[in-house]
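Numbering (our numbering), first residue to last: 121 to 543.
Where a beta carbon is used, it is the ideal one built from N, C-alpha and C, also for glycine.
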C-alpha cells in the first residue's frame with residue numbers, strides 16, 4: 121500500500137481542544153481520522169491557528185503532528201473575522217515547510233476557511249490534490265436561521281461556491297450533505313464522495329447504567345435524557361425544552377423522575393459572560409418551570425462522555441440542521457437509543473430499522489411523544505439496546521472511514537480519478 125504525506129488543515133479550531141466555543145464534531149473528526157490514517161501507514165501534519173503564544177508543534181500519535189501556526193492575535197477570534205488572517209496562516213505554513221524541509225502529497229481542508237488556505241497552498245504544492253470537507257454549509261445554515269444575527273456572511277457563501285469549483289474533490293459526510301453540495305453549489309456528482317464519520321468503539325461501549333450514573337454523580341432514581349453538542353440556535357435545544365414541558369404536562373408522574381442534562385457550552389464563567397444562546401436557554405428554562413429538571417453540565421472530554429451516554433435513557437439530537445451528528449454514533453455505539461430530527465445525516469441509519477426514532481425538525485409534540493415511548497416502554501427499550509449495540513459495530517469504526525478516505529487520496533495517483541463517484 122502506498123503511503124502519503126498529508127497536510128490536514130483545521131485553521132479555525134484546534135482539533136486537540138475539547139473545550140471552547142468553536143469546538144465540536146469537526147474537532148473529533150479531524151483528530152480521529154488523522155490517527156486512523158496514521159495507523160494505516162500515512163503521515164499526517166495537522167495545521168491549526170495558534171492561540172497560545174507558547175504552544176509548539178507536538179506529536180499527538182505515531183505519524184501525527186499538530187502544528188500551531190501564528191495567524192492574528194493569540195486569542196479567540198470570531199469565525200466571521202478569521203478570514204482576515206488566512207494569508208498569515210499560509211505564510212506560516214510555508215515557513216514551517218522550509219524549516220522542516222517537508223513536502224506534502226495531499227492537501228485535505230476542513231471547513232471553508234481552511235479551504236481558502238488550501239487554495240493558496242496549491243501554489244507551493246502544485247501537484248498535490250486539494251480535497252474539501254465542508255462540515256457545514258453557509259447556505260443551509262442561513263436557511264434555518266431565525267434571526268439575521270444567526271446568518272452566515274455573503275463572504276462565506278461566495279467562498280464555498282468558489283471552493284466547490286476549485287477543489288479537486290469533495291468528501292461529503294452524508295447523502296444529504298452531498299445533495300446540498302451538488303445542487304446548491306452546482307458540483308458534478310462524480311466530484312463528491314460520501315464518507316460518513318466514525319466512532320471509537322473501544323471508548324464508546326456499553327457500561328452498566330448504575331456504574332455510569334455513579335461516575336457522573338447522577339441520581340440513581342432519575343431517568344436522564346441527554347443532549348450533547350454546541351450551544352447554538354441551529355441545534356434546536358429550545359425545541360427540546362418545549363418538548364420536555366409537553367412531556368410533563370401529558371405525563372405528570374414523570375416530572376419527578378425525569379431530568380434533561382445538557383452537555384456542552386462554557387458554563388465555567390460568570391453567567392454575565394455566557395453566550396447569548398446560553399443566556400436565552402437559561403431564561404427559557406425558568407419560563408417553562410424546568411429549573412430543577414434541566415441541568416447545564418458544560419463540556420466534557422471524550423473519555424468521560426461514555427458515562428453520560430450509558431447513564432441516560434436516550435440521546436436527543438433536535439437539530440434544525442446537522443451535516444451528520446457524530447454524537448449520535450457515539451450514543452448508538454453505547455447501545456443508547458437516539459431521537460434525531462430528519463434533517464440529520466444520521467437519519468439514513470434508521471431506514472432499515474423501526475427502532476431508531478426520526479422526527480420532523482422543530483416539532484416539540486412529536487419529540488415529546490417519542491421521548492414518552494422510550495421512557496415508559498421498558499420492554500421495548502431492552503430490545504432496542506440489543507439491536508443498537510449490534511448495529512453500531514457495523515462499518516462505523518474510524519479505521520473503516522480512514523480506508524475509504526485513503527482510497528480517495530490514492531485515486532489521484534492512479535488512473536482511477538475518473539472512477540471516483542458518490543456512494
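Candidates 357, 412, 320 and 257: closest to residue 116 by CA position: In the structure as shown, the chain begins at 121 and stops at 543. Residue 116 is therefore absent and cannot be evaluated.
Which residues mark the beginning and the end of the beta strand (DSSP E) in which residue 477 is found? The residue labelled residue 477 in the question sits at position 357 within the chain shown. Where residue 477 is concerned, the enclosing beta strand (DSSP E) starts and stops at 477-479.
Identify which residue in 433, 298 and 359 has its Cα closest to the Cα of residue 497. Locating residue 497 in the chain shown gives position 377, where the first residue counts as 1. That would be 433, whose Cα lies nearest to the Cα of residue 497.
Please confirm whether residue 336 and residue 265 have their CB atoms less than 8 Å apart. As a first step, residue 336 must be located in the chain shown, where it is residue number 216. As a first step, residue 265 must be located in the chain shown, where it is residue number 145. No, Cβ-Cβ distance for residue 336 and residue 265 is not below 8 Å.
Where does the unbroken alpha helix (DSSP H) through residue 415 begin, and where does it stop? In the chain shown, the residue the question calls residue 415 occupies position 295. Residue 415 -> not in any alpha helix (DSSP H); beta strand (DSSP E) instead, spanning 414-416.
How far does the beta strand (DSSP E) with residue 383 in it extend, from its first residue to its last? As a position in the chain shown, residue 383 is number 263, starting the count at 1. Run containing residue 383: 378-383, per the beta strand (DSSP E) assignment.
From 331, 365, 165 and 131, residue whose alpha carbon lies closest to that of residue 222: One-based indexing of the chain shown puts residue 222 at position 102. Of the listed residues, the one whose Cα sits closest to residue 222 is 165.
Cβ neighbours of residue 368 in the same chain (closer than 7 Å, five flanking residues each side left out): For the purposes of this step, residue 368 is taken as residue 248 along the chain shown, with counting starting at 1. Cβ within range, chain order: 374 and 375.
Nearest-angstrom Cβ-Cβ length linking residue 128 and residue 228, presumed shorter than 8 Å: As a working mapping, residue 128 is identified with position 8 in the chain shown. As a working mapping, residue 228 is identified with position 108 in the chain shown. The distance from the Cβ of residue 128 to that of residue 228 is about 5 Å, consistent with a contact at the 8 Å cut-off.
Confirm, please, whether the CB-CB distance from residue 533 to residue 122 is below 8 Å. Counting from one through the chain shown, the residue named residue 122 turns up at place 2. Counting from one through the chain shown, the residue named residue 533 turns up at place 413. Yes; because the gap between Cβ atoms is below 8 Å, this pair is in contact.
My guess is that residue 234 and residue 131 are in contact by the Cβ rule of under 8 Å, so how many angstroms apart are they, rounded? Within the chain shown, the letter at position 114 stands for residue 234. Within the chain shown, the letter at position 11 stands for residue 131. Distance from residue 234 to residue 131 at the Cβ level is roughly 4 Å; contact confirmed, criterion being Cβ atoms closer than 8 Å.
Counting only runs of 4+ residues fully inside the stretch 255-312, write out the alpha helix (DSSP H) ranges in chain order. Within the stretch 255-312, the complete alpha helix (DSSP H) runs of at least 4 residues are 258-264, 274-286 and 295-304.
Return the bridge partner residues of residue 464 from the DSSP annotation. Start at 1 with the first residue of the chain shown, and residue 464 comes out as number 344. Paired residue(s): 442.
For residue 522, count neighbouring Cβ atoms within 10 angstroms of its own Cβ and tell me buried if that reaches 16, exposed if not. Locating residue 522 in the chain shown gives position 402, where the first residue counts as 1. Counting Cβ neighbours within 10 Å, residue 522 comes out buried, since at least 16 surround it.
Cβ-Cβ distance between residue 388 and residue 349 below 8 Å: Indexing the chain shown from 1 puts residue 388 at position 268. Indexing the chain shown from 1 puts residue 349 at position 229. With respect to the 8 Å criterion, residue 388 and residue 349 are not classified as neighbours on the basis of their beta carbons.
State yes or no: is the beta carbon of residue 263 nearer than 8 Å to at least one beta carbon in chain C? You won't find chain C in this structure, because it holds only one protein chain.
Residue 525 to residue 310, Cα distance in whole Å? Counted from its first residue, the chain shown places residue 525 at position 405. Counted from its first residue, the chain shown places residue 310 at position 190. CA-to-CA, the gap between residue 525 and residue 310 works out to about 15 Å.
Locate the alpha helix (DSSP H) running through residue 162, then write down its first and last residues. Residue numbering aside, residue 162 sits at position 42 when the chain shown is read from its first letter. Boundaries for residue 162: no alpha helix (DSSP H) harbours it, and the DSSP string shows neither H nor E there.
When the Cα atoms are used, what is the spatial distance from residue 332 to residue 440? Your numbering for residue 332 matches position 212 in the chain shown. Your numbering for residue 440 matches position 320 in the chain shown. Rounded to the nearest whole angstrom, the C-alpha separation of residue 332 and residue 440 is 30 Å.
Among the candidates 269, 268, 283 and 273, whose CA atom is the shortest distance from the CA of residue 251? Reading the chain shown from its first residue, position 131 is the one you call residue 251. With distances taken between Cα atoms, residue 251 lies closest to 283.
Straight-line gap, residue 156 to residue 298 (C-alpha atoms, nearest Å): Stepping through the chain shown from its first residue, residue 156 is reached at position 36. Stepping through the chain shown from its first residue, residue 298 is reached at position 178. Near 23 Å, if we compare the C-alpha coordinates of residue 298 and residue 156.
Using CA atoms only, rank isn't needed, just tell me which of 224, 176 and 232 is closest to residue 274. Counted from its first residue, the chain shown places residue 274 at position 154. Of the listed residues, the one whose Cα sits closest to residue 274 is 232.
Where residue 529 falls, given that 16 or more other Cβ within 10 Å makes a residue buried: Here residue 529 refers to the residue found at position 409 of the chain shown. Under a 10 Å Cβ-count criterion, residue 529 is classified as buried, with 16 or more other Cβ atoms of the shown protein chains found around its own Cβ.
Going by beta-carbon coordinates alone, are residue 148 and residue 478 separated by less than 8 Å? The residue you call residue 148 lines up with position 28 of the chain shown. The residue you call residue 478 lines up with position 358 of the chain shown. No, Cβ-Cβ distance for residue 148 and residue 478 is not below 8 Å.
Considering only the alpha carbon of each residue, which of 401, 459 and 192 lies closest to residue 168? By one-based count along the chain shown, residue 168 stands at place 48. Closest by alpha carbon: 192.
Report the start-end ranges of each alpha helix (DSSP H) in the stretch 329-397 that is 4 residues or longer and not cut off at the edges. Within the stretch 329-397, the complete alpha helix (DSSP H) segments of 4 residues or longer fall at 329-336 and 357-370, listed in chain order.
Evaluate residue 287 with the Cβ neighbour count: other Cβ atoms within 10 Å of its Cβ, from every protein chain shown; 16 or more gives buried, anything less gives exposed. As a first step, residue 287 must be located in the chain shown, where it is residue number 167. Under the 10 Å beta carbon count, residue 287 is surrounded by 16 or more other beta carbons and is classified as buried.
Whole angstroms are fine: how far does the CA of residue 486 sit from the CA of residue 452? Here residue 452 refers to the residue found at position 332 when the chain shown is read from its first residue. Here residue 486 refers to the residue found at position 366 when the chain shown is read from its first residue. Near 21 Å, if we compare the C-alpha coordinates of residue 486 and residue 452.
Specify, as a first and last residue, the run of the alpha helix (DSSP H) that residue 233 falls within. The count along the chain shown starts at 1 and reaches residue 233 at position 113. Its alpha helix (DSSP H) spans residues 232-241.
Check for me: the beta strand (DSSP E) holding residue 186 runs from which residue to which? For the purposes of this step, residue 186 is taken as the residue at position 66 of the chain shown. Start and end: 184-190.
How about residue 236 and residue 279: are their beta carbons less than 8 Å apart? As a first step, residue 236 must be located in the chain shown, where it is residue number 116. As a first step, residue 279 must be located in the chain shown, where it is residue number 159. Closer than 8 Å, so yes.
Near residue 125, which residues of its chain fall below 6 Å by C-beta distance, leaving aside the five closest residues on each side in sequence? Within the chain shown, the letter at position 5 stands for residue 125. Excluding five sequence positions before and after residue 125, the CB atoms of its chain that fall closer than 6 Å to its own CB belong to 163, 224 and 225, given in chain order.
Please work out which residues of its chain come closer than 7 Å, Cβ to Cβ, to residue 328, disregarding the five sequence neighbours upstream and downstream, and give them in chain order. Sequence index remark: in the chain shown, residue 328 carries index 208 (1-based). Once the five neighbours on either side are set aside, residue 328 has no close Cβ partner at all.
Is residue 436 closer than 8 Å to residue 379 when the C-beta atoms are compared? The residue labelled residue 379 in the question sits at position 259 within the chain shown. The residue labelled residue 436 in the question sits at position 316 within the chain shown. For residue 379 and residue 436, no; Cβs fall outside 8 Å.
Quick check on this structure: which residue in 351, 289 and 429 has the alpha carbon closest to the alpha carbon of residue 398? In the chain shown, residue 398 corresponds to position 278, counting from 1. For the residues 351, 289 and 429, the minimum Cα distance to residue 398 belongs to 351.
Starting from residue 495, trace the alpha helix (DSSP H) in both directions and tell me its first and last residue. Sequence index remark: in the chain shown, residue 495 carries index 375 (1-based). DSSP places residue 495 inside the alpha helix (DSSP H), whose first and last residues are 484-496.
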